[in-house]
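Accompanying notes for the structure given below.
Residue numbers (my numbering): 11 to 462.
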């Protein structure tokens, strides 16, 4: 069943066609009335003129109304237009009002019913008749009069051709829109079931993607933060135990002073570790809230990516001990927010793996801005692993359990998913005893390009 907008459109087009079909009769009647009202024609010649008007109206009605299917027969229409042009000429000779008003019918039917160059023949003939009637006859045999006459005829032909072409273009676009609406309606009718199925699949895919996003965010924020908190609390526990043991074993005065000084240092370290653990808990609580609202990492809100990575590596080195050298090369420029977030999370994951598994003494982090790529390299001089078994095997629950009780296995998988989702690549190189190198390459999509 047709929709209400489509029915309204069809009704409007039907009314327009009816109005266009009535135009010749209206113009013929208007020309006749003006001829009578202005006494442009002697009353003695009026009966013949009215007879010609009736004959012309009957001709139009017979050819376009009574036998509308004849409009598809080119030869019949050519004869009709030729006869109509002759009738326009005869009526224009009797009164100029017929040339001024009813002459438009010649342009209309010539362009509508004739084909190819015959259109211009019909339009030119009508224009010549109209201009001749306006000028009161053929031009005088002088160059200026002939040129003026030809100019008016050519101008009328050009105007009719331009406006007729515009009308055809509009009609073609309207027909194309109607066909598109019909095809769309058919497609919708045929694919209602598929559409419902796609909606279900889209909802399921959206829920799956959201679960994966939350899993990555939990790993990159809460899990790593909890590991950091546990590490700091374990260090604080060791410092407290050392201070207690030193106090219990002191016997001499000098020894007691040294032990007291050592105990104070341990208590200071204990306070520092506990303060770091509290700060990490607060930061990870904030990150958890941001993850729920699908916001980007907090460090990137107030700093550029290189500055955020420099702060991150410096803080990691302070908390975990190994020295980290951070370097940024190439022309630094703002990148798409997702690209920067993935690079920051990749550094966090790589450093977390170094802290938990590598036993490294030095770590190098390099951020390289290239023309079409941005490349992140994280290298350490730790124990390394056998890449033939795959990094996931090294970080599996069976083989990657640290003192904190945390297990790996999802970290590198999450990192790879993040990188490949943005069209990047992740490479890992390692050998036992030679350390590990993690390299992530992503398209250097600028923020302006991403916005476009």
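Glycine included, every Cβ here is placed at the ideal spot set by N, Cα and C.
Proximity to residue i [Cα-Cα], best of the options
{"i": "residue 383", "options": "436, 389, 365 and 373", "result": "436"}
{"i": "residue 44", "options": "111, 115 and 309", "result": "111"}
{"i": "residue 446", "options": "434, 117, 192 and 393", "result": "393"}
{"i": "residue 31", "options": "52, 76 and 41", "result": "76"}
{"i": "residue 120", "options": "341, 147, 171 and 161", "result": "171"}
{"i": "residue 115", "options": "34, 194 and 64", "result": "34"}
{"i": "residue 376", "options": "363, 362 and 334", "result": "334"}
{"i": "residue 105", "options": "145, 67 and 454", "result": "145"}
{"i": "residue 39", "options": "61, 191 and 52", "result": "61"}
{"i": "residue 429", "options": "338, 354 and 440", "result": "354"}
{"i": "residue 373", "options": "390, 79 and 367", "result": "390"}
{"i": "residue 467", "options": "42, 125, 48 and 53", "result": "Limits of the chain in this structure are 11 at one end and 462 at the other, which puts residue 467 out of reach."}
Cross-strand partners of residue i (DSSP beta bridge)
{"i": "residue 373", "result": "334 and 390"}
{"i": "residue 437", "result": "449"}
{"i": "residue 384", "result": "379 and 452"}
{"i": "residue 339", "result": "378"}
{"i": "residue 345", "result": "456"}
Buried or exposed (CB count within 10 angstroms, at least 16 for buried), residue i
{"i": "residue 168", "result": "exposed"}
{"i": "residue 346", "result": "buried"}
{"i": "residue 94", "result": "buried"}
{"i": "residue 107", "result": "buried"}
{"i": "residue 73", "result": "buried"}
{"i": "residue 151", "result": "exposed"}
{"i": "residue 456", "result": "exposed"}
{"i": "residue 369", "result": "exposed"}
{"i": "residue 59", "result": "buried"}
{"i": "residue 156", "result": "exposed"}
{"i": "residue 148", "result": "exposed"}
{"i": "residue 201", "result": "exposed"}
{"i": "residue 90", "result": "buried"}
{"i": "residue 185", "result": "exposed"}
{"i": "residue 57", "result": "exposed"}
{"i": "residue 42", "result": "buried"}
{"i": "residue 154", "result": "exposed"}
Whole-Å CB distance - residue i paired with residue j, under 8 Å assumed
{"i": "residue 140", "j": "residue 166", "result": "7 Å"}
{"i": "residue 330", "j": "residue 365", "result": "5 Å"}
{"i": "residue 388", "j": "residue 448", "result": "5 Å"}
{"i": "residue 87", "j": "residue 123", "result": "4 Å"}
{"i": "residue 469", "j": "residue 342", "result": "This structure does not reach residue 469, given that the chain is present from 11 up to 462, and the question cannot be answered."}
{"i": "residue 109", "j": "residue 102", "result": "4 Å"}
{"i": "residue 267", "j": "residue 380", "result": "Residue 267 to residue 380, Cβ: 59 Å. No contact."}
{"i": "residue 336", "j": "residue 320", "result": "5 Å"}
Cβ shell of residue i (< 6 Å), same chain only, five flanking positions each side left out
{"i": "residue 385", "result": "378 and 451"}
{"i": "residue 403", "result": "Residue confidence for residue 403 is low, a pLDDT of 44 falling below 50, so the modelled location carries little weight and cannot support an answer."}
{"i": "residue 344", "result": "457"}
{"i": "residue 281", "result": "none"}
Own chain partners of residue i with C-beta closer than 7 Å, once the 5 adjacent residues on each side are dropped
{"i": "residue 444", "result": "394"}
{"i": "residue 348", "result": "432"}
{"i": "residue 136", "result": "95, 98, 113, 116, 117 and 120"}
{"i": "residue 162", "result": "141"}
{"i": "residue 326", "result": "334 and 361"}
{"i": "residue 129", "result": "120 and 121"}
{"i": "residue 37", "result": "111, 112, 114 and 115"}
heavy atom of the ligand GTP below 8 Å from residue i C-beta
{"i": "residue 70", "result": "With respect to the ligand GTP, the structure shown offers nothing to examine, as it has no ligands at all."}
Cβ shell of residue i (< 8 Å), same chain only, five flanking positions each side left out
{"i": "residue 55", "result": "104"}
{"i": "residue 442", "result": "393, 394, 395 and 396"}
{"i": "residue 426", "result": "436"}
Cutoff 9 Å: residue i Cβ touching any chain C Cβ
{"i": "residue 369", "result": "No chain C appears in the structure shown, which is made up of a single protein chain."}
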